[in-house]
Ligand code: AMP
Ligand code: MN
Ligand code: MN
Ligand code: MN
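In the numbering used here, the protein residues as written are 8 to 296.
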C-alpha cells in the first residue's frame, strides 16, 4: 500500500525578511531542507517579491516548491489571513491587489508610533524601520522587535499583549483587502486560497460559520488544520470543519525567526490521513528540481 498523501512533511506557511521574518529566502530554504521539509512555500505577508529567490534556492537544494503569499483581509471587522498557494507570481491583477493591500501600511505605522509616543515611547517609527527588510512592508512585528531590543518588553508576545492589540496604545485599526477580492486574486492567478490559522480569530461561532461559508462561496478551497498557531484541540476542531465544509487541508509552521518562533520549519504533526491535503489540488503547480 502506498503511503497516504497526507504523510508528507509539507510546510506551506513561512515568512522571510521580505515581510516580517528575520531570515532571507535563501536561508529559509536551507533551514526547511535541513529540517526534512519535502514541500515548501514561502508565504510573505501581502508580497511576492521573495518568490523568485525562494524558488531558485529550493531548486538548488532539490526541494519541491509552491509559490505562496499570506493576504491580509478584513472580515466582520476583524483581520483574517488568507494564504494563496501555487499561483503565478507574475500575475498582474494579483500583484496590483497585493500592492493595494500593502499601501496603507506606512501611514498606519506612523499612527502606531504616535500612539506609542503618547504612551511614553518616542521614536518607534524610526526604531521599527531599522528592522524592516522591505520598506513597503512595515508590520507590527517590526515594532515588537524594536520594543524588545530597547528593553521595554521581554519578548514579542509581551509587546503584542501590552501595546499592539486592540485597545492598546500602539494599536491602529486598519482596513485590509475584502475576503472575496483576496480569494479571486489568488484563484484567477491559478492558485488556491486557504484560510490561515482559523483558531487564532476571536469570532463567535456564527461569525466563524459566516467566514467559512462566504470563503467557500467566493471560491476558497482550503483551510489550515495543522499550523504552529494552533493548539492540539484546534487540530481536531478544524479537521472537522474541513470535512463539514468540504475544504482541503493545509499544514504550515508560520515560521518567522529562529529567535521568536516556537514551531520550527517542518516541525509539526502530519495532517490526519482522513483529510485531502491542499497539495493534491495544486500538484501541477509544484516546482520540482
Ligand atoms: P500586521 O500585519 O502588521 O498586523 O502584523 C501581524 C503579524 O504580527 C503577524 O503576522 C504575526 O507575525 C505577528 N503577531 C500577531 N500577533 C502576535 C502575538 N500575539 N505575538 C507575536 N506576534 C504576533
Ligand atoms: Mn507575520
Ligand atoms: Mn497570519
Ligand atoms: Mn503567517
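The C-beta atom is built at its ideal place from N, Cα and C for all residues, glycine as well.
Is residue i near ligand 2 - that is, is its Cβ less than 6 Å away from at least one heavy atom of it?
| i | result |
| --- | --- |
| residue 31 | no |
Could you name the residues that DSSP lists as bridge partners for residue i?
| i | result |
| --- | --- |
| residue 284 | 256 |
| residue 79 | 88 |
| residue 229 | 201 and 255 |
| residue 262 | 21 |
| residue 184 | 80 |
| residue 192 | Its beta-bridge partners do not exist; DSSP assigns none. |
| residue 46 | 17 |
| residue 294 | 72 |
Check residue i in the structure and name its three-state DSSP category.
| i | result |
| --- | --- |
| residue 150 | helix |
| residue 121 | helix |
| residue 52 | strand |
| residue 109 | helix |
| residue 234 | strand |
| residue 8 | Low confidence applies here, because residue 8 scores a pLDDT of 47, under 50, leaving its location unreliable; read the following figure in that light. Here residue 8 sits in coil by DSSP. |
| residue 59 | helix |
| residue 15 | coil |
| residue 171 | helix |
| residue 73 | coil |
| residue 134 | helix |
Would you say the beta carbon of residue i is closer than 6 Å to some non-hydrogen atom of ligand 3?
| i | result |
| --- | --- |
| residue 225 | no |
One question on the structure: do residue i and residue j come within less than 7 Å of each other, judged by their Cβ atoms?
| i | j | result |
| --- | --- | --- |
| residue 79 | residue 96 | no |
| residue 43 | residue 51 | no |
| residue 235 | residue 261 | yes |
| residue 120 | residue 138 | no |
| residue 186 | residue 14 | no |
| residue 32 | residue 61 | yes |
| residue 19 | residue 101 | no |
Within the present structure, is the beta-carbon of residue i separated from the nearest heavy atom of ligand 4 by less than 6 Å?
| i | result |
| --- | --- |
| residue 18 | no |
| residue 241 | no |
| residue 188 | no |
| residue 261 | yes |
Is there at least one non-hydrogen atom of ligand 6 closer than 6 Å to the beta-carbon of residue i?
| i | result |
| --- | --- |
| residue 256 | Annotation note on ligand 6: not contained in the displayed structure, which lists ligand 1, ligand 2, ligand 3 and ligand 4 as its ligands. |
Worksheet entry | Those residues, in chain order, that have a beta-carbon closer than 6 Å to some heavy atom of ligand 1 | 27, 52, 79, 146, 147, 148, 163, 164, 167 and 263
Discussion item. So if I measure from each beta-carbon to every heavy atom of ligand 3 and keep distances below 6 Å, which residues remain?
Written reply: Contact residues of ligand 3 (beta-carbon closer than 6 Å to any heavy atom; chain order) are 77, 88, 203 and 204.
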